[in-house]
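What follows is a set of notes on a single structure, which appears directly below.
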Amino acid sequence: MNKNIAVIRGDGIGPEIVNQAIKILDKVAELYGHSFSYTDVDMGGCAIDKYGDPLPQSELDKCTGADSVLLGAVGGPKWNDVPGDRRPEKGLLRLRAGMGVYSNNRPAKIWAQLADASPLRKEIVEKGIDFIIVRELIGGIYFGEHKTEDKDGLAVATDILKYDEKEIERIGRIGFETAQKRNKKLCSVEKSNVLDSSRLWKKVMHRLADEYPDVELSDMLVDNCAMQIVKNPAQFDVVVTENMFGDILSDEASMITGSIGMIPSSSLGATSCGLYEPIHGSAPDIAGKDLANPVGTILSAAMMLRFSFDMAKEADAIEKAVSDYLDAGYRTADIMSEGMKQVGCEECGRIILENIK
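With this note's numbering as the guide, the letters of the sequence shown map in order to residues 21 to 377.
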């Protein structure tokens with residue numbers, strides 16, 4: 021099978037971790053008789069430096085014309101003072117909207133080998149951590165109107181949070197369908213005691229529930245959910261929520277698994293062309309020092325094979341290679357513990373590569 025992958029190395033540690041994932045993909049292609057070609061795309065700070073724009077239309081066109089997109093990370097303090105509409109993160113928002121990927125799926129699963137790395141108490145971890153956060157990705161406050169204006173001598177900033185029924189129903193169905201494939205429990209997270217948008221969210225979710233009688237739907241306020249994730253994560257199977265809440269909760273959920281560097285994500289829409297990226301940032305403080313953890317990006321590549329290319333065996337091979345790497349006691353600095361063998365980004369990728377069968 022021949023596939024073209026748009027590759028956004030981005031900023032900070034992005035190039036380092038993406039390079040390791042590409043080596044893994046090339047090994048999979050060799051072993052399983054596929055051919056992967058790569059189209060380089062500039063996005064984020066590097067695109068600002070080159071074009072004065074975090075995602076020019078020509079670069080977005082490369083992504084929409086590919087079979088899927090692999091992204092490292094974008095941003096960094098170098099671009100903190102550029103105008104808001106040209107910040108690196110604006111390129112990411114434009115990419116998501118341009119690709120029409122409205123559903124971001126972030127697993128929060130602890131690897132058995134990393135149980136001791138979780139900041140939670142042992143008795144909590146032993147109950148299990150294995151759930152998915154389904155986050156609406158191209159609506160809500162991130163895509164609403166943003167403005168700062170002067171009113172009577174005071175600077176006043178406004179950000180609009182808006183959802184319509186169709187947007188909520190679209191992501192709600194992803195939540196229910198994901199739950200159907202797992203343990204049939206769906207928790208809808210909102211702030212309906214305060215926000216009109218959340219009251220509409222709750223109404224639509226309960227209307228949808230009638231179409232999925234095999235799924236148990238529950239509601240939870242976002243502040244309570246933030247507490248419950250650290251108190252008893254075993255209670256969750258699938259969580260569905262709006263854009264900003266999902267952004268915050270998924271980062272919290274990643275940390276209880278031991279390291280943000282281990283967590284992949286997929287963003288999908290109406291087609292099989294998806295956006296795959298680790299959930300961590302560009303970590304400019306460790307860029308170029310061979311300290312980054314590439315596993316989240318490598319596992320994102322595995323998700324691409326599984327969900328966009330229907331290559332389940334190949335995805336399984338990558339995930340097993342990562343598990344074998346952890347079984348052998350290798351750890352990058354972010355998950356290092358006593359008795360383990362510390363490796364850098366390059367060595368981590370090399371060991372995982374050798375483990376692929």
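For glycine and all other residues, C-beta sits at the position ideal for the given N, C-alpha and C. Quantities reported herein were computed from a predicted structural model and do not represent experimental measurements.
Annotated three-state conformation of K309 is coil, per DSSP. Non-local beta-carbon contacts of A199 in its own chain, meaning distances under 7 angstroms to residues more than five positions away in sequence, involve K205, L206, V235, D257 and V258 in chain order. Ranked by Cα distance from A353, the options Q362, S292 and E297 are led by Q362. Ranked by Cα distance from R326, the options Q40, S292 and A229 are led by S292. Across the structure, Y296 and I283 are spaced so that their CA atoms are roughly 11 angstroms apart.
Residue environment for K110: buried (at least 16 other C-beta atoms within 10 angstroms of its C-beta). Taking all protein chains in view, the Cβ of M247 is surrounded by fewer than 16 other Cβ atoms within 10 Å, so the residue is classified as exposed.
Secondary structure note for K70: its alpha helix (DSSP H) is the uninterrupted segment G65 to Y71. Proximity to Q133 across S279, D336 and K211 peaks at S279, based on C-alpha coordinates. Nearest neighbour of D310 by Cα position, chosen from E358, T261, P74 and V38, turns out to be V38. In this model, Y71 and D31 are separated by some 15 angstroms (Cα to Cα). DSSP places K147 in the coil class of the three-state scheme, outside both helix and strand. A Cβ-Cβ separation of about 7 angstroms places A67 in contact with E79 under the 8 angstroms criterion. Nearest in C-alpha terms to K98, of all of L91, R107 and L90, is R107. Ranked by Cα distance from N124, the first of G148, D347, D150 and L157 is L157. Linking A137 to N203 through their CA atoms gives a straight-line distance of about 26 angstroms. In the three-state reduction of the DSSP assignment, G30 falls in the strand class, which pools E and B.
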